[in-house]
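Report on the structure given below.
Numbering (the numbering used here), first residue to last: 64 to 663.
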């Protein structure tokens, strides 16, 4: 599917309400005939009794930003902030006068989803024009979108307009909004925003009338004078080939513009707060380095601008921009930018369905964030991904793990969703380094980005890309790691002198967990020498390059999954062994490390 939006909105900053008109040219690129379409009305989640509100009241570990703690019978409990919203504090988004090619359609309101029964079907490979009016109220800031957040940013306008749902080979993706992530249709946006002239906007897209607006959007040398009698400004943005449009506005924004030598202009909009200005200035060259690094390891960012905007309720990625909290320490600010900007490659250029496969976006973004922060760090320290391994093991120990294939809304607890999506999702790539080598993982990411940008790839696409790069068989890996909660647990079962030759030693390993892996074994001897052994996994049909070429490696016979143990022989006596280690690289997410090392 593809869509061209024209949106014209007027915002009343005194009562936090807005009215608008929308024209959409919708193209049905599928082979299906469509008799209905669906729109997301995200703002309707911010009402007492909404699905989001009820979910907050029932999940065992609600998002701390969305609840407040109160005492009931001397016991501290959480209370949904949405449940306490007054009529002038709620969010809403209403659609009226919906026409398809000039003929009225039937609207069925389903809270955060609008079902539209069309007066005429949309035939395959044909286009139609929708026109509609809408009006909304900006909610008190609770989650992502809202007014007057905790850092006093006036307007964080995310998920603010009627947004058509995606239809693809799997059908409609018209998920209700209960606080998770998004999926959208590629298209071109032409947006005009009219509001009080004292407000400064940062947004998706390219400002078309900067020489009329000013606020450091004007061309060099242009002086912008707005008549005193003029009460409003109309900001005109265009954004090509994106699946979302977001903006934020405040009277006290500082707007810095940073040109780069790789073709992307960076915009920074942040509050004129003396406590944060220095950090925001220092973060700007670091952001340039990060974007250049991501361009190198993943692929070229295809747009000519990216905006880092103070707003929202933490950090959230949007098309060509991010809304982030702007206070706190410099390291935290840069880390937040590293993550949210990293989403641009995975959520806003590749754009996997993050409702169905959150790990492909959050996990892959965490991977390049960790690589990027390691790249920036003066003191490189420990492996940057160590935290994700520790988090994953904590999740396994908790007994609350659900498969990565779980829909984002279906996780029982936020704890399980977060670690699965961010940490276990990242480990999909770091373990791929263990399987095929880091160089091949970077090649895989680059080919994946190049082949699937603007195409909404699925889990099979990243797997098949890795297989094409390496010729390894990896379906077993995708299935076990993402569709089950099978764990990896290998151990050194026995080390004993060979009964027929005491100058050699038999080493027996065991597979305890259900998930198979190839095995790296390192042996250190009492004389200081080292030796490594590699046991390929039979079903993988692959042998990786030696990850430590400075140490002699012996490639042993395959280990088949059905065989619970594996024995091999080293040509030295047991007395000469200092230690034996399974995977000293730590890239394999073995859940029990205490049986991975043998020391006499």
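Heads up, the beta-carbon is just placed ideally off N, CA and C, and yes, glycines get one too.
In angstroms with no decimal places, state the Cα-to-Cα distance between residue i and residue j.
{"i": "residue 485", "j": "residue 452", "result": "11 Å"}
{"i": "residue 208", "j": "residue 202", "result": "7 Å"}
{"i": "residue 165", "j": "residue 358", "result": "45 Å"}
{"i": "residue 234", "j": "residue 540", "result": "27 Å"}
{"i": "residue 327", "j": "residue 472", "result": "35 Å"}
{"i": "residue 232", "j": "residue 431", "result": "29 Å"}
{"i": "residue 576", "j": "residue 512", "result": "33 Å"}
{"i": "residue 205", "j": "residue 243", "result": "13 Å"}
{"i": "residue 341", "j": "residue 548", "result": "46 Å"}
{"i": "residue 420", "j": "residue 399", "result": "22 Å"}
{"i": "residue 644", "j": "residue 635", "result": "16 Å"}
{"i": "residue 273", "j": "residue 466", "result": "48 Å"}
{"i": "residue 505", "j": "residue 655", "result": "28 Å"}
{"i": "residue 64", "j": "residue 365", "result": "21 Å"}
{"i": "residue 587", "j": "residue 597", "result": "15 Å"}
{"i": "residue 406", "j": "residue 284", "result": "35 Å"}
{"i": "residue 521", "j": "residue 124", "result": "29 Å"}
{"i": "residue 536", "j": "residue 374", "result": "45 Å"}
{"i": "residue 100", "j": "residue 227", "result": "8 Å"}
{"i": "residue 390", "j": "residue 333", "result": "10 Å"}
{"i": "residue 550", "j": "residue 571", "result": "20 Å"}
Quick one, which of the options has its alpha-carbon nearest residue i's?
{"i": "residue 171", "options": "120, 102, 165", "result": "102"}
{"i": "residue 585", "options": "179, 610, 391, 418", "result": "610"}
{"i": "residue 580", "options": "315, 543, 558", "result": "543"}
{"i": "residue 88", "options": "250, 112, 497, 582", "result": "250"}
{"i": "residue 143", "options": "173, 112, 169, 157", "result": "112"}
{"i": "residue 518", "options": "410, 596, 421, 572", "result": "410"}
{"i": "residue 157", "options": "140, 177, 167", "result": "177"}
{"i": "residue 261", "options": "72, 297, 136", "result": "297"}
{"i": "residue 68", "options": "650, 363, 83", "result": "83"}
{"i": "residue 187", "options": "193, 564, 93", "result": "93"}
{"i": "residue 352", "options": "295, 245, 437", "result": "437"}
{"i": "residue 531", "options": "301, 413, 313, 510", "result": "510"}
{"i": "residue 622", "options": "616, 606, 633, 615", "result": "606"}
{"i": "residue 159", "options": "191, 318, 199, 309", "result": "199"}
{"i": "residue 534", "options": "602, 555, 469, 578", "result": "602"}
Which residues does DSSP pair with residue i in a beta bridge?
{"i": "residue 67", "result": "88, 251"}
{"i": "residue 379", "result": "386"}
{"i": "residue 198", "result": "82, 157"}
{"i": "residue 315", "result": "Paired residue(s): none; residue 315 is not in a bridge."}
{"i": "residue 468", "result": "Beta-bridge pairing links residue 468 to no other residue."}
{"i": "residue 266", "result": "310"}
{"i": "residue 458", "result": "Looking at the DSSP assignment, residue 458 forms no beta bridge with any residue, so it has no partner."}
{"i": "residue 723", "result": "The shown model of the chain, from 64 to 663, leaves out residue 723, and the question about it has no answer."}
{"i": "residue 142", "result": "131"}
{"i": "residue 220", "result": "310"}
Measuring CB to CB, does residue i end up less than 7 Å from residue j?
{"i": "residue 346", "j": "residue 219", "result": "no"}
{"i": "residue 271", "j": "residue 299", "result": "yes"}
{"i": "residue 145", "j": "residue 126", "result": "no"}
{"i": "residue 423", "j": "residue 415", "result": "yes"}
{"i": "residue 393", "j": "residue 377", "result": "no"}
{"i": "residue 66", "j": "residue 85", "result": "no"}
{"i": "residue 278", "j": "residue 263", "result": "yes"}
{"i": "residue 608", "j": "residue 500", "result": "yes"}
{"i": "residue 325", "j": "residue 355", "result": "yes"}
{"i": "residue 153", "j": "residue 265", "result": "no"}
{"i": "residue 98", "j": "residue 184", "result": "yes"}
{"i": "residue 72", "j": "residue 81", "result": "yes"}
{"i": "residue 413", "j": "residue 516", "result": "yes"}
Classify residue i: buried if its beta carbon has 16 or more other beta carbons within 10 angstroms, exposed otherwise.
{"i": "residue 562", "result": "exposed"}
{"i": "residue 212", "result": "buried"}
{"i": "residue 161", "result": "buried"}
{"i": "residue 401", "result": "buried"}
{"i": "residue 293", "result": "exposed"}
{"i": "residue 379", "result": "buried"}
{"i": "residue 526", "result": "buried"}
{"i": "residue 222", "result": "buried"}
{"i": "residue 604", "result": "exposed"}
{"i": "residue 179", "result": "buried"}
{"i": "residue 247", "result": "buried"}
{"i": "residue 175", "result": "buried"}
Looking at the ligand NAD, does it come within less than 6 Å of residue i, judged from the CB to the closest heavy atom?
{"i": "residue 140", "result": "The model depicted lacks the ligand NAD and carries no ligand whatsoever."}
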